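Each remark here refers to the structure printed beneath this line.
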Ligand SMILES: Cc1ncc(COP(=O)(O)O)c(C=O)c1O
């Protein structure tokens, strides 16, 4: 897990004391370090591109903030999008349609029409989708998402590649799908899997690659030459102190070696989301309440699962520290809880902390992936601010919502007003 320096007992993030950021922008606030974001993108790109032609399609579901997308656009990334909303957001950030791949599941005809009208290539998820797409758009390039029968992930809720998964086309139907696509006049370009999110070992990726290679070579024998293999996302990152990091260089070497040795394909695509954005961002939240409940002690903060849902949704671990008492000896263990009226509203369980007090700035680590993008208005709480920091400079990249904005699309029938 990435850790930070401090100055006079205050944690420094992106060259700035976290207390200063919290003071300037209020809390809760997501703060992203631009330097780390660029570094992560370059690391993963280099791990593969030193071996073969590599196209990174950042899985923007992890974080769709326009400023973050813009930085990645400038770095040369492509996009993996899962909805027409994500496609439109990425176009707004400056990505051209040819750099975006759409990989939906349970895709409606309206969404297929909208995405293909925008000129974006589809990773087809089912035989039903293929037949429906044929009625919507003729002769376009397509790719297919295959269910490799190999799954991996930090929680059973995010394993997507296992046998029987709702995602993708089962292996038994894969070759038939391509043959049917050719019959329907499509141009098959690639093959895709996504095994799951947050796995920490290389093996499931190589197992899934074996499946892709076998199908690719079978297709070649039948006169269908693909241009790319897309191994999806899922590269895990360490969330706990002393947790080992997955070796992306080993992953890049092993996967590219397999493709180069066993196929004629010369382009690999991958779709990391978490790896690129996770450790770029912390969530700053202020301690508003301290409670000793006898059998348990609580630190009440102003961010709940409306702001960061991962601990409540997946039982995910996020490291936490008191930013203005950084490195101080811890006194007791506390649960860090939010303002949402549910017992499950807990950001961190049983954490040793240094004498928490009202006003302290609590820092939640590794909040850049599936953090803001999964936040909600539950309990009518407005979405919070986002700030970008870069070597001592800070910029607001998203303002907080006003409560009034939650009423925008609502109507009270006239008869109830009279
Ligand atoms: C198709 C696809 N690609 C890429 C990703 C990104 O996964 P991760 O953020 O773990 O890299 C996902 C996540 O669910 C996905 O569904």
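Residue numbers (my numbering): 70 to 487. Yeah, the Cβ is synthetic: ideal placement off N, Cα and C, and Gly gets one too. Just so you know, these numbers come straight off a predicted model, no measurement behind them.
Please state if the CB of residue j and the CB of residue i are separated by a distance shorter than 8 Å.
i, j, result
"residue 383", "residue 224", "yes"
"residue 190", "residue 335", "no"
"residue 194", "residue 173", "yes"
"residue 238", "residue 213", "yes"
"residue 170", "residue 140", "no"
"residue 395", "residue 104", "no"
"residue 211", "residue 183", "no"
"residue 373", "residue 340", "no"
"residue 571", "residue 231", "One cannot answer for residue 571 here, as it falls past the ends of the chain, which runs 70 to 487."
"residue 450", "residue 70", "no"
"residue 275", "residue 324", "yes"
"residue 516", "residue 417", "Since the displayed the chain opens at 70 and closes at 487, residue 516 lies outside it and no answer follows."
Can you tell me the Cα-Cα spacing of residue i and residue j, whole angstroms?
i, j, result
"residue 143", "residue 137", "10 Å"
"residue 433", "residue 220", "29 Å"
"residue 168", "residue 147", "5 Å"
"residue 209", "residue 327", "29 Å"
"residue 407", "residue 92", "20 Å"
"residue 415", "residue 371", "12 Å"
"residue 155", "residue 198", "19 Å"
"residue 90", "residue 338", "37 Å"
"residue 446", "residue 254", "45 Å"
"residue 344", "residue 176", "26 Å"
"residue 128", "residue 263", "11 Å"
"residue 119", "residue 188", "30 Å"
"residue 317", "residue 201", "38 Å"
"residue 392", "residue 351", "11 Å"
"residue 475", "residue 363", "38 Å"
"residue 101", "residue 236", "31 Å"
"residue 436", "residue 228", "20 Å"
"residue 412", "residue 375", "13 Å"
"residue 385", "residue 483", "45 Å"
Tell me which same chain residues have a C-beta within less than 6 Å of the C-beta of residue i, skipping the five on either side of it?
i, result
"residue 74", "81"
"residue 247", "257, 288, 293"
"residue 297", "259, 336, 338"
From the beta carbon of residue i, is the nearest beta carbon of chain D less than 8 Å away?
i, result
"residue 170", "In the displayed structure, chain D is absent; only one protein chain is listed."
Apart from the five residues on each side of it in sequence, which residues of its chain come closer than 8 Å, Cβ to Cβ, to residue i?
i, result
"residue 242", "196"
Near residue i, which residues of its chain fall below 7 Å by C-beta distance, leaving aside the five closest residues on each side in sequence?
i, result
"residue 130", "151, 155, 342, 442"
"residue 133", "155, 158, 442"
What is the C-beta distance between residue i and residue j, in whole angstroms, given that I count them as a contact (C-beta under 8 Å)?
i, j, result
"residue 321", "residue 117", "4 Å"
"residue 353", "residue 97", "7 Å"
"residue 366", "residue 403", "5 Å"
"residue 84", "residue 458", "7 Å"
"residue 27", "residue 282", "What the structure shows of the chain is the stretch from 70 to 487, and residue 27 is not part of that stretch, so it cannot be assessed."
Cβ pair count under 8 Å reaching 3, the segment 420-433 against the segment 447-464: no
- Query: Is the segment 422-442 touching the segment 345-357 in the sense that three or more CB pairs, one from each, lie closer than 8 Å?
  - Reply: yes
Check whether the segment 258-268 and the segment 301-320 are in contact - that is, three or more C-beta pairs closer than 8 Å.
yes
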